[in-house]
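Sequential numbering from 109 applies to the sequence shown in this note's numbering.
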Amino acid sequence: MEKSKTGVLLVNVGTPDSPETVDVWKYLRQFLMDGRIIDIPYWRRLLLVNLIIAPFRAPKSAREYQKIWSEKGSPLMYHSCNFRDSVQQQLGDNFIVSLAMRYQNPSIESALEMLRQQRPSSIVIFPLFPQYASATVGSVHEKVMQVVQKWPEIPKLRFIDSFYDHPRMIQTIACLGKQHFDQAGYDHILFTFHGLPERQIRKGNPDCFGDPNCCDEIHAGNHSCYRAQCYATSRSLAEALDLEDGDYTVSFQSRLGKDPWIQPYTDDVLGALAAKGVKKILAFSPSFVADCLETTIEVGEEYHEMFMELGGEDLQLVESLNDHPQWVETAREIILEND
Numbered sequence: 109m110e111k112s113k114t115g116v117l118l119v120n121v122g123t124p125d126s127p128e129t130v131d132v133w134k135y136l137r138q139f140l141m142d143g144r145i146i147d148i149p150y151w152r153r154l155l156l157v158n159l160i161i162a163p164f165r166a167p168k169s170a171r172e173y174q175k176i177w178s179e180k181g182s183p184l185m186y187h188s189c190n191f192r193d194s195v196q197q198q199l200g201d202n203f204i205v206s207l208a209m210r211y212q213n214p215s216i217e218s219a220l221e222m223l224r225q226q227r228p229s230s231i232v233i234f235p236l237f238p239q240y241a242s243a244t245v246g247s248v249h250e251k252v253m254q255v256v257q258k259w260p261e262i263p264k265l266r267f268i269d270s271f272y273d274h275p276r277m278i279q280t281i282a283c284l285g286k287q288h289f290d291q292a293g294y295d296h297i298l299f300t301f302h303g304l305p306e307r308q309i310r311k312g313n314p315d316c317f318g319d320p321n322c323c324d325e326i327h328a329g330n331h332s333c334y335r336a337q338c339y340a341t342s343r344s345l346a347e348a349l350d351l352e353d354g355d356y357t358v359s360f361q362s363r364l365g366k367d368p369w370i371q372p373y374t375d376d377v378l379g380a381l382a383a384k385g386v387k388k389i390l391a392f393s394p395s396f397v398a399d400c401l402e403t404t405i406e407v408g409e410e411y412h413e414m415f416m417e418l419g420g421e422d423l424q425l426v427e428s429l430n431d432h433p434q435w436v437e438t439a440r441e442i443i444l445e446n447d
């Protein structure tokens, strides 16, 4: 009798089906209507998203997507597809690897159905977000449970919640950065992470922000805190890159709305660094495993232009993990550790 296989569901955040405004609108609406993304009452979220955010943001975002779109589609999609295929090859025939996007296509429902039809003995749920956040990993886990609870037979499920300090992932990011060290001398290293509203951090970690040193180490009280995990990733990368404390800065980007988000904000940090006379910055985006709008455009273009206007000479973005062979091997290790 043939041995049952293990299913693997890789999940990234998502991308519009095309860079046209109508598809970007659909993507933004599904994304922003997730109660874990904008955590306010449904009726307020409905009005905010449909009457204010999506109508104004969709055309602008569509223009940005058009800059990075190619014949292969959006970078996040084709990098994720290449990554899926490479992970499948690494794991071999005893595994079935499927790719889903939390928002838009391929959907979590369709990817899970593909796995279900092959009757796996267990399924490893692997959200492709190094640091845990309710808005990313938590949202993926919630959606998966909504889907599988309707199945007549539910296989064993294993949920990966973070891999922010996995040694091989850290090593791979560091190797990508060191390639740029050989090209030019940089005055400063910037680790810029996607931001979150402070209120979302406090929901899971009420004591966060009360102590300025609360994220200096991972402990029982903050082991699932996004902010603490971001700083832990930065410390591990600094060690791998042989950096001293003054050689690098941690910051947070992509804030939306007027509520306070995790600080320091990346744009404020760039201003402060420029004022100190820093001329060349090497920027990492360690909360993203695949290049996307937030890396290529926000960091690689917008922050680059901002820094130039402030008197800087260069801000170089380090490419994301994408489908780098060492990252594929890292993913294999993480999956086998959770099989």
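The C-beta atom is built at its ideal place from N, Cα and C for all residues, glycine as well.
Measure how close the beta-carbons of residue i and residue j come, nearest whole angstrom, since I'm counting them as under 8 Å.
i: Gly303; j: Ile370; result: 5 Å
i: His288; j: Gln424; result: 6 Å
i: Ser218; j: Pro263; result: Not really, about 17 Å apart at Cβ, beyond 8 Å.
i: Asp353; j: Ser247; result: That pair is no contact at about 34 Å.
i: Gly285; j: Leu390; result: 6 Å
i: Ser242; j: Gln337; result: Actually they are not in contact, since the Cβ atoms of Ser242 and Gln337 sit about 13 Å apart, beyond 8 Å.
i: Gly420; j: Lys387; result: 6 Å
i: Thr129; j: Pro163; result: Actually they do not touch by this definition, with Cβ atoms about 10 Å apart.
i: Tyr356; j: Ala346; result: 6 Å
i: Met414; j: Asp376; result: About 11 Å separates the two Cβ atoms, so there is no contact after all.
Select from the options the residue whose C-alpha is nearest the C-alpha of residue i.
i: Trp133; options: Ile145, Asn158, Asp142 and Phe360; result: Asn158
i: Asn313; options: Gly354, Tyr240 and Trp259; result: Tyr240
i: Asn362; options: Ser395, Met141, Leu429 and Arg210; result: The amino acid occupying residue 362 in the given sequence is Ser; Asn does not appear at that position. Minimum Cα distance to Ser362 is reached at Ser395.
i: Thr280; options: Gln434, Asp375, Ser182 and Gln257; result: Gln434
i: Leu155; options: Ser169, Thr374, Arg137 and Gly285; result: Arg137
i: Trp259; options: Gln225, Thr403, Lys111 and Asp269; result: Gln225
i: Gln212; options: Glu261, Cys323, Gly122 and Pro320; result: Gly122
i: Arg276; options: Leu223, Glu221, Pro238 and Lys366; result: Pro238
i: Leu349; options: Tyr294, Pro368 and Ala383; result: Tyr294
i: Gln308; options: Tyr373, Cys333 and Pro163; result: Cys333
i: Phe203; options: Phe191, Met185, Asn190 and Leu223; result: Leu223
i: Ile161; options: Asn190, Gly365, Val252 and Tyr150; result: Gly365
i: Ile148; options: Glu179, Lys311 and Pro183; result: Lys311
i: Tyr173; options: Ser393, Gly419, Val386 and Asp125; result: Asp125
i: Asn120; options: Met209, Glu421, Glu221 and Ser112; result: Met209
i: Leu378; options: Met416, Ala346, Phe234 and Arg335; result: Met416
i: Ser178; options: Arg165, Pro127 and Tyr135; result: Pro127
i: Glu445; options: Thr244, Met414, Gln254 and Phe234; result: Phe234
i: Gly385; options: Thr374, Leu418, Met414 and His412; result: Leu418
i: Ala292; options: Thr244, Glu221, Lys175 and Val426; result: Val426
Going along the chain, which residues of its own chain have a beta-carbon closer than 8 Å to the beta-carbon of residue i, five neighbours each way excluded?
i: Val195; result: Val116, Leu118, Val205, Val436, Ala439, Arg440 and Ile443
i: His187; result: Ala398, Asp399, Ser428, Asn430 and Asp431
i: Arg153; result: Leu140, Met141, Gly143 and Ile146
i: Glu402; result: His302, Gln361, Ser362, Ser393 and Phe396
With a threshold of 6 Å on Cβ separation, who are the neighbours of residue i within its own chain once the five nearest residues in sequence on each side are excluded?
i: Gly318; result: none
i: Ser342; result: Phe299 and Val358
i: His249; result: Phe267
i: Ser169; result: Val132
i: Val256; result: Ile262
i: Pro305; result: Asp367 and Trp369
i: Leu184; result: Thr123, Ala398 and Cys400
i: Asp422; result: Lys388
i: Leu265; result: Ile231
Counting only the same chain and skipping the five closest in sequence on each side, list residues whose C-beta sits under 7 Å from that of residue i.
i: Leu351; result: Ile297
i: Cys322; result: Asp315, Cys316 and Asn330
i: Ser344; result: Asp273 and Ile278
i: Thr114; result: Asn202, Phe203, Pro228, Ser229, Ser230, Val232 and Asp447
i: Leu207; result: Leu118, Ser188, Cys189, Arg192, Pro214 and Ala219
i: Lys251; result: Arg210 and Ile216
i: Ala282; result: Leu345, Ala348 and Leu349
i: Arg335; result: Ile309, Cys316, Cys323 and Ile370
Please state whether DSSP places residue i in a helix, a strand or coil.
i: Trp369; result: strand
i: Asp131; result: helix
i: Val377; result: helix
i: Gly408; result: helix
i: Ser242; result: helix
i: Gly419; result: coil
i: Gln424; result: strand
i: Ser112; result: coil
i: Ser395; result: coil
i: Lys387; result: coil
i: Asn158; result: helix
i: Leu364; result: coil
i: Thr403; result: helix
i: Leu118; result: strand
i: Ser169; result: helix
i: Thr123; result: coil
May I ask you to check if the CB of residue i is nearer than 6 Å to at least one heavy atom of the ligand NAD?
i: His412; result: This structure simply doesn't include the ligand NAD, nor any ligand for that matter.
Beta-carbon of residue i versus every beta-carbon of chain B: anything under 7 Å?
i: Tyr272; result: Protein chain content of the structure displayed is limited to a single chain, and chain B is not contained in it.
Residue ranges of each beta strand (DSSP E) within the stretch 179 to 212, 3 or longer: The qualifying runs are 203 to 211.
Every unbroken alpha helix (DSSP H) within the stretch 298 to 355, with a cutoff of 4 residues, ordered by chain: Within the stretch 298 to 355, the complete alpha helix (DSSP H) segments at least 4 residues long are 306 to 312 and 334 to 348, listed from N- to C-terminus.
In chain order, each alpha helix (DSSP H) run of at least 4 residues that lies wholly inside the stretch 217 to 294: Whole alpha helix (DSSP H) segments, 4+ residues: 247 to 256 and 275 to 289.
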